[in-house]
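*Asks:* All residue numbers for the sequence shown refer to this note's numbering, where the first residue is 307 and numbers rise by one.
Pasting in a structure now, in structure tokens, and then I'll have a few things to ask.
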Amino acid sequence: MKQDYAVRTGSIRPSAVELNDRKRSSIQGQVGENSGTEVKSESVQPEPVVSDEEWQVASRAARTATWGAIFYLITTDILGPFSVPWAMSQLGYGPGFVLYTIFGILCFYSGSQLWKQFLGLDSEKYPVKSYGDLAFRIYGRWARHGVNILQSLQFFLNVTLLIVGSGQAIVQLAAGSSGTGKFCFIAAEIIFAAAGFILGQVRTLQKYSHIANIAIWMNLFVIFMTMGISSSTPPNWTAVTASYNIPKGPIYHTGGTPPGKSLTDQINGLMQAVYSYGGATLFNELMAEMRRPYDFWKGLMFAEVFIYACYIIFGMVVYRFYGQATFNPAYQGINPYSWQTVGNVFSLITGLIAAGLYGNIGIKVLYANVGREIFHFPPLEAKKGKWIWVAFVPFYWGVAWVIGAAVPQISYLGSFVGASMILQFTYTFPPILMVGFNVLKDSITEQDVFIPSTGKVRRSDGGFQRLWRGYKKKFFINIFDTIYFLGALVTAILGIYASIVGMIDSYKGTQVQAFSCCSPTGDNWPGCGTAT
């Protein structure tokens with residue numbers, strides 16, 4: 307039968323998708339099962355018959371986002387170009403351009419896979435609201451727990467990265483135009499973490515919405531400002547020497563791999579590309595809010611093209627002028643204090659907004675999927691749940707500060723987050739989920755029957771024979787996705803290794819130390835002027 311993905315939100319009437327509904331119900335009934343002839347689906351209760359018009363109105367009433375809004379949301383979530391120039395300095399023009407292009411294309415491909423799975427599995431009665439829901443429908447409960455825990459860790463380490471970057475910004479602001487001001491780096495991190503802790507007491511995202519939309523415009527201003535300033539002023543050698551132990555000298559840039567860069571340096575540059583495209587974590591949540599989820603591909607495509615253009619233009623322009631002396635984040639590597647201050651102030655504002663959002667979502671995901679499901683915590687809306695929230699927020703931010711103070715090297719910490727978490731959601735999980743989705747869907751035969759009155763699926767067979775039948779129907783696509791999955795997994799392992807090696811090496815030849823007042827940007831704190 308012809309494959310049809312438009313199966314939700316009233317875009318096709320129920321009477322027109324009877325077989326597709328049966329297939330989807332069969333897929334849901336097979337979650338976590340490879341054999342057996344009769345399997346319980348999610349509990350189904352008989353429903354009163356409604357008209358087609360009522361079905362369409364009800365299914366679309368709560369979902370209002372258009373593909374234009376999705377373009378804006380994806381752009382706001384993913385766009386983060388300030389590490390791109392540093393990645394170019396590790397890779398060179400040619401490899402940098404090629405890798406950012408390849409990862410951009412693969413990000414769109416992975417997003418398209420999630421889109422197809424969402425349309426095939428989501429329904430009004432059993433909506434797919436998160437990445438974990440998608441994993442649960444295809445592979446079972448264990449997959450949902452794994453995805454939810456990893457998603458919570460990603461949000462948590464994103465908060466840690468923002469604490470480190472904002473701590474650097476505060477130290478630079480305290481140095482003043484004369485460069486003689488002194489401020490302890492870990493104290494600066496504590497200040498930002500305390501502000502995030504206060505902001506984190508807000509439980510609803512609605513109160514963030516009035517200020518969150520300005521973040522993208524601030525980021526665009528800083529992008530153009532950094533490109534303009536880098537074209538006419540020298541780099542911030544103090545910060546470059548303090549963080550990377552690169553001596554002051556003539557600026558150079560290369561078409562190929564820069565001289566003196568090891569394999570781990572190049573992999574860390576590669577992981578910045580992975581980190582830059584991280585956003586697929588929230589794609590399912592965005593599709594769940596759309597009036598017509600079928601149109602998600604439009605918002606995804608235009609957002610990816612816009613983001614890719616920003617990355618390539620910004621990265622290559624700044625690398626052209628600063629070469630080996632590019633800094634991460636790029637706006638902290640410009641030299642005039644006045645413009646550096648503008649970038650730092652804007653980054654503090656957008657960083658606090660982002661940290662509040664990441665912290666809010668991260669705590670909620672952790673509470674709902676770990677606290678509620680595993681430890682049986684009370685609902686967040688209950689009085690006890692509210693008190694648990696109040697107590698957990700300072701603990702969450704406190705642990706994030708400890709990690710940020712222990713690993714104050716933002717480039718390598720960002721590479722670790724990119725390799726261990728962001729790469730999984732954007733490049734590793736989508737293809738293997740797609741393989742599982744195809745196998746479950748294509749293994750269904752005309753003899754398989756879904757019984758609505760009992761909520762059960764009666765299968766004609768099971769075991770390896772059934773799985774192989776589903777796998778070989780789209781054999782070459784499934785083979786490609788399997789290779790894609792394995793390649794992403796190997797890349798993740800290499801990235802984790804390279805980032806850990808980079809963290810260790812950064813303590814040997816620079817002033818960057820764990821729990822130290824010495825800032826990665828370089829400062830006048832006593833004893834921090836030279837490498838330790």
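All C-beta atoms, glycine included, are put in the ideal place defined by N, C-alpha and C.
Rounded to whole angstroms, what's the CA-CA distance from G452 to G446? Just pull it up for me.
*Replies:* Residue 452 sits at position 146 when you count from the first residue of the sequence shown. Residue 446 sits at position 140 when you count from the first residue of the sequence shown. For G452 and G446, the distance between alpha carbons rounds to 10 angstroms.
*Asks:* Would you check if the region 631-643 and the region 531-551 touch, i.e. whether three or more CB-CB distances between them fall below 8 angstroms?
*Replies:* Yes, the region 531-551 is in contact with the region 631-643.
*Asks:* With DSSP as the reference, please indicate the residues paired to P541 in a beta bridge.
*Replies:* Numbered from 1 along the sequence shown, position 235 holds the residue referred to as residue 541. In the DSSP output, where bridge partners are listed per residue, P541 has I640.
*Asks:* Is the number of C-beta pairs between the region 391-407 and the region 544-562 that are closer than 8 angstroms three or more?
*Replies:* These segments touch.
*Asks:* In the DSSP assignment, the alpha helix (DSSP H) including N262 goes from what residue to what residue?
*Replies:* Nothing can be reported for residue 262, as the shown portion of the chain is limited to 307 through 838.
*Asks:* Cβ atoms of I476 and A494: under 7 angstroms apart, would you say?
*Replies:* Numbered from 1 along the sequence shown, position 188 holds the residue referred to as residue 494. Numbered from 1 along the sequence shown, position 170 holds the residue referred to as residue 476. Yes, the Cβ-Cβ distance between A494 and I476 is below 7 angstroms.
*Asks:* Are I734 and A794 closer than 7 angstroms when you measure CB to CB?
*Replies:* Position 428 of the sequence shown, counting from 1, holds the residue named residue 734. Position 488 of the sequence shown, counting from 1, holds the residue named residue 794. Just to set this straight, residue 734 is Thr in the shown sequence, not Ile. Yes, these two residues count as a Cβ contact at 7 angstroms.
*Asks:* Which first and last residues belong to the alpha helix (DSSP H) in which C616 is found?
*Replies:* Here the question's residue 616 lines up with position 310 in the sequence shown. Looking at the DSSP string, the run of the alpha helix (DSSP H) that includes C616 is F602 to Y628.
*Asks:* Taking W645 as the reference, which of K670, N542 and P714 has the closest Cα?
*Replies:* Along the sequence shown, read from residue 1 onward, the residue named residue 645 stands at position 339. When each option's Cα is compared against that of W645, the closest is N542.
*Asks:* May I have the straight-line CA-CA distance separating V723 from I655, to the nearest angstrom?
*Replies:* On the sequence shown, residue 723 is found 417 positions in, with the first residue counted as 1. On the sequence shown, residue 655 is found 349 positions in, with the first residue counted as 1. Going by the C-alpha atoms only, they are around 22 angstroms apart.
*Asks:* Hey, out of I380, L739 and S568, whose CA is closest to F589's CA?
*Replies:* In the sequence shown, the residue the question calls residue 589 occupies position 283. Closest by alpha carbon: I380.
*Asks:* Rank P391, Y790 and R597 by C-alpha distance to the C-alpha of V375 and give the top, closest one.
*Replies:* On the sequence shown, position 69 is the one that residue 375 refers to. It should be noted that the sequence gives Ala, not Val, for residue 375. If we check each option's Cα against that of A375, R597 comes out closest.
*Asks:* Who are the near neighbours of K435 in its chain, counting only those whose CB is closer than 6 angstroms to its CB and skipping five residues on each side?
*Replies:* The residue you call residue 435 lines up with position 129 of the sequence shown. Excluding sequence neighbours, K435 sits near A594.
*Asks:* Nearest by alpha-carbon distance to S653: which of M524, V671 and A501 is it?
*Replies:* Counting from 1 along the sequence shown, the entry for residue 653 is found at position 347. When each option's Cα is compared against that of S653, the closest is M524.
*Asks:* Only counting runs of 4 or more residues, tell me where the alpha helix (DSSP H) segments fall wholly within the region 432-504, in order along the chain.
*Replies:* If we require 4 residues or more, the alpha helix (DSSP H) runs fully inside the region 432-504 come out as 437-445 and 447-481.
*Asks:* Among P832, S822 and W421, whose alpha-carbon lies nearest the alpha-carbon of W603?
*Replies:* To locate residue 603, count along the sequence shown from 1; it is residue 297. Of P832, S822 and W421, the residue nearest in Cα terms is W421.
*Asks:* For I669, which option in G426, T407, L459 and Q419 has the closest C-alpha, if you only look at C-alpha atoms?
*Replies:* As a first step, residue 669 is located in the sequence shown; it is residue number 363 there, counting from the start. Selected option, being the one with the closest Cα: L459.
*Asks:* Would F503 pass as an interface residue toward chain B - the criterion being a Cβ-Cβ separation below 7 angstroms?
*Replies:* Among the protein chains of the structure shown there is no chain B, as only one such chain exists.
*Asks:* For P737, does the count of other Cβ atoms within 10 angstroms reach 16, so buried, or fall short, so exposed?
*Replies:* Residue 737 sits at position 431 when you count from the first residue of the sequence shown. Buried is the call here.
*Asks:* When DSSP labels each residue in this structure, what does V713 get in the three-state scheme?
*Replies:* In the sequence shown, counting from the first residue as 1, residue 713 sits at position 407. Three-state result, V713: coil.
*Asks:* Quick check on the burial criterion: 16 or more other C-beta atoms within 10 angstroms. Buried or exposed for S825?
*Replies:* Position 519 of the sequence shown holds residue 825. With 16 or more Cβ atoms within 10 Å of its Cβ, S825 is classed as buried.
*Asks:* With the cut-off set at 7 angstroms, would you say T732 and G584 are in Cβ contact?
*Replies:* As a working mapping, residue 732 is identified with position 426 in the sequence shown. As a working mapping, residue 584 is identified with position 278 in the sequence shown. Closer than 7 angstroms, so yes.
*Asks:* Identify whether T563 lies in helix, strand or coil by the three-state DSSP scheme.
*Replies:* As a working note, residue 563 is residue 257 in the sequence shown. Reduced to three states, the DSSP call for T563 is coil.
*Asks:* From L412, T632, N464 and A609, pick the residue whose C-alpha is nearest to that of A545; which is it?
*Replies:* Locating residue 545 in the sequence shown gives position 239, where the first residue counts as 1. Cα-wise, what sits closest to A545 is T632.
*Asks:* Given this structure, state the Cα-to-Cα distance separating G566 from G502, to the nearest angstrom.
*Replies:* For the purposes of this step, residue 566 is taken as the residue at position 260 of the sequence shown. For the purposes of this step, residue 502 is taken as the residue at position 196 of the sequence shown. The straight-line gap from Cα to Cα measures roughly 39 angstroms.
*Asks:* Tell me the DSSP secondary structure of K780 in three-state form.
*Replies:* For the purposes of this step, residue 780 is taken as the residue at position 474 of the sequence shown. If DSSP states are grouped into helix, strand and coil, K780 belongs with coil.
*Asks:* Over what stretch of residues does the alpha helix (DSSP H) that includes C834 continue unbroken?
*Replies:* Working through the sequence shown from its first residue, we reach residue 834 at position 528. Premise fails: C834 is in no alpha helix (DSSP H) and is neither H nor E.
*Asks:* Between which two residues does the alpha helix (DSSP H) containing V390 stretch?
*Replies:* Looking up residue 390 in the sequence shown gives position 84. Element bounds for V390: V390 to L397.
*Asks:* Evaluate I408 with the Cβ neighbour count: other Cβ atoms within 10 Å of its Cβ, from every protein chain shown; 16 or more gives buried, anything less gives exposed.
*Replies:* Locating residue 408 in the sequence shown gives position 102, where the first residue counts as 1. By the 10 Å Cβ count, I408 comes out exposed.
*Asks:* Find out if the Cβ-Cβ distance for the pair S749, R772 is shorter than 7 angstroms.
*Replies:* Within the sequence shown, numbered from 1, the residue matching residue 749 stands at position 443. Within the sequence shown, numbered from 1, the residue matching residue 772 stands at position 466. In contact: S749 and R772 (Cβ atoms closer than 7 angstroms).
*Asks:* Give the straight-line distance between the Cα atoms of A712 and A586, rounded to the nearest whole angstrom.
*Replies:* Here residue 712 refers to the residue found at position 406 of the sequence shown. Here residue 586 refers to the residue found at position 280 of the sequence shown. If I take the Cα positions, the gap works out to 29 angstroms.
*Asks:* How many angstroms separate the CA atom of S759 from the CA atom of S766?
*Replies:* For the purposes of this step, residue 759 is taken as the residue at position 453 of the sequence shown. For the purposes of this step, residue 766 is taken as the residue at position 460 of the sequence shown. Cα to Cα, S759 sits roughly 19 angstroms from S766.
*Asks:* Straight-line CA distance for F414 to L592?
*Replies:* For the purposes of this step, residue 414 is taken as the residue at position 108 of the sequence shown. For the purposes of this step, residue 592 is taken as the residue at position 286 of the sequence shown. Spanning the two alpha carbons is a distance of roughly 15 angstroms.
*Asks:* Looking at P391 and Y617, is the spacing between their C-beta atoms short of 7 angstroms?
*Replies:* Stepping through the sequence shown from its first residue, residue 617 is reached at position 311. Stepping through the sequence shown from its first residue, residue 391 is reached at position 85. Not closer than 7 angstroms, so no.
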